[in-house]
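Read the structure below first, then the notes.
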Amino acid sequence: MNGSWDWVVTWQAFSDPCRIHGICGPNSLCSYYPVSGRRCSCLQGFNLKDQTDWSYGCEPEFRIPCNHTDETSFVQLAHTEFYGSDIFFRPNVTFQFCQEQCLNRCDCNGFQYKFDEGSGYYNCYPKYLLMNGHQSPNFVGDFYLRLPKAGLFYSKIPDEEFKLQCSANLTKQIIRTYENKTVKLLLWFATTVGGIEVTCVLLVWLFLLRTSKHPNPDPASQGYLLTTKFKRFTFDDLRKATRGFKEVIGRGAGGTVYKGVLPDQRVAAIKQLDEANQGEAEFLAESPGGMHASDSGETREHKRLVTLVKEYINIGTATRKSWIEEIIDPMMSGKYDKVKMELLVKVALQCVAEDRDERPSMKQVVEMLIGHED
């Protein structure tokens with residue numbers, strides 16, 4: 001840019017910009033002068049289509065009638081070339097032949113009639129589109145523009161009227177997308193996986209909340225409860241009854257026994273198993289009386305009897321006769337062997353021991369009974 005605020009070209013990629021495809025658009029001519037640079041102009045009978053952009057070219061003011069060859073004619077444009085967009089190519093033909101070929105086609109807008117120095121004759125190039133128009137004194141050849149005969153008297157509009165009208169405030173927003181398909185796919189995948197995880201967490205939380213409010217005991221446990229008439233206690237109930245599992249009254253291989261007071265003020269022995277895989281059925285089998293134990297008065301009487309028998313045994317053999325008579329049904333008076341009865345009582349007490357490891361097996365029971373017979 002010089003001092004008068006005019007643009008000055010200091011470098012350009014092409015020495016002749018008019019050779020750039022479509023630089024002035026269709027139906028136009030491109031002229032280049034080293035001093036003034038490139039200039040675009042519309043052909044005779046054509047007007048500029050967009051006042052801000054030459055790439056849109058020019059549009060015709062007329063319509064070429066089809067199948068009426070006598071209504072159109074040609075205007076010669078010297079040293080002018082329209083490169084490309086040929087309908088066909090005819091070598092070594094006369095001017096009259098080339099002109100008739102164009103007039104007989106509705107899609108022909110003009111023809112190039114050029115002398116070929118190598119072969120020494122003229123070639124014919126009818127055009128369906130007037131693109132890449134270039135006018136230069138160095139070009140050997142003419143172009144013949146097809147126009148209605150009425151248009152032959154049109155005066156060509158001066159080039160000055162076709163200068164671009166560029167506004168200083170004119171801005172053109174270019175919309176670009178900077179999307180990476182791989183990143184977009186990964187984001188969608190991560191979002192989907194995250195949504196599935198959140199859904200699973202919510203479902204598990206709702207399930208746990210529902211089961212904590214409405215516990216659903218398993219059918220096997222229900223069967224034990226119906227059979228034994230035991231009441232089911234929760235862990236919180238047992239912890240409250242034992243005052244936090246404070247008072248230990250016994251230990252065994254299966255767990256620890258604590259003293260507890262039930263809500264009805266009954267004292268109970270509460271066993272806490274050491275292993276979680278010890279089932280409720282196994283625990284019930286360890287209870288005195290096995291699966292036939294109940295919460296009735298008979299059970300309480302049975303427990304008192306067991307305690308009483310243990311106290312009698314601890315007294316000694318001197319009072320054996322008296323304590324055996326205390327526990328034997330009066331209807332059996334004098335009809336039993338006191339030694340055998342004492343053995344049976346001792347075996348029975350071992351079988352109802354609270355610690356399952358202290359209970360004899362059936363084989364041991366049989367051996368004790370047979371050993372006494374021997």
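Going by the UniProt record's numbering, the sequence shown wraps up at 374, each residue one higher than the last.
By construction, the Cβ of each residue, glycine as well, lies at the ideal position given by its N, Cα and C atoms.
Within the present structure, is the beta-carbon of Ser-41 separated from the nearest heavy atom of the ligand ATP by less than 7 Å? The ligand ATP is not part of the structure shown, which contains no ligands of any sort.
Same chain, Cβ closer than 8 Å to Trp-11, neighbours up to 5 away in sequence not counted: Sequence-distant partners of Trp-11 (beyond 5 residues in either direction) whose C-beta falls short of 8 Å from its own C-beta are missing from its chain.
Any idea what DSSP makes of Gly-290, helix, strand or coil? The predicted position of Gly-290 is uncertain, since its pLDDT is 46 and thus under 50; a value taken from the coordinates is nonetheless stated next. DSSP places Gly-290 in the helix class (H, G or I) of the three-state scheme.
Start-to-end residues for the beta strand (DSSP E) that takes in Gln-135: 133 to 135
Could you check where the alpha helix (DSSP H) with Leu-103 kicks off and where it finishes? 95 to 103
Do the segment 257 to 266 and the segment 234 to 249 meet, that is, are 3 or more Cβ pairs less than 8 Å apart? yes
When you compare the segment 128 to 141 with the segment 82 to 100, are there three or more beta-carbon pairs, one atom per stretch, that lie closer than 8 Å? yes
Could you pull out every residue in the same chain whose Cβ sits closer than 6 Å to the Cβ of Gln-350, ignoring the five residues on either side in sequence? Pro-360
Consult DSSP for Asp-295 and reduce its assignment to one of helix, strand or coil. Any answer about Asp-295 is weak, because its pLDDT of 44 lies below 50 and its placement is not dependable; what the coordinates show is given next. Three-state DSSP puts Asp-295 in coil, outside helix and strand.
Answer with buried or exposed for Trp-54, where buried requires no fewer than 16 other C-beta atoms within 10 angstroms of its C-beta. buried
Spatial distance of Lys-231 from Arg-356 (CA atoms): 22 Å
Distance between beta carbons of Gln-112 and Tyr-125, contact taken as under 8 Å: 4 Å
Per-residue burial, Gln-99 [other beta carbons within 10 Å of its own, 16 or more giving buried]: buried
Name the one or two DSSP bridge partners that Leu-48 has. Cys-58
Let me know if Ile-270 comes out buried or exposed under the rule of 16 or more other beta-carbons within 10 Å of its beta-carbon. buried
I'd like to know whether the C-beta atoms of Arg-146 and Thr-72 end up nearer to each other than 8 Å. yes
Taking just the CA atoms, how far does Asp-86 sit from Trp-188? In this structure, the straight-line span from the alpha carbon of Trp-188 to that of Asp-86 is close to 51 Å.
Asp-50 to Glu-61, Cα distance in whole Å? Distance from the CA of Asp-50 to the CA of Glu-61, rounded to the nearest whole angstrom, comes to 15 Å.
Within its chain, find whatever has a CB closer than 8 Å to the CB of Val-267; leave out the 5 residues flanking it on each side and keep chain order. Cβ within range, chain order: Lys-259, Gly-260 and Val-261.
Looking only at its own chain, which residues have a Cβ that is under 6 Å from the Cβ of Ser-31, when we skip the five neighbours before and after it? Arg-39 and Gln-135
Measuring straight from C-alpha to C-alpha, what distance separates Arg-63 and Ala-150? 11 Å
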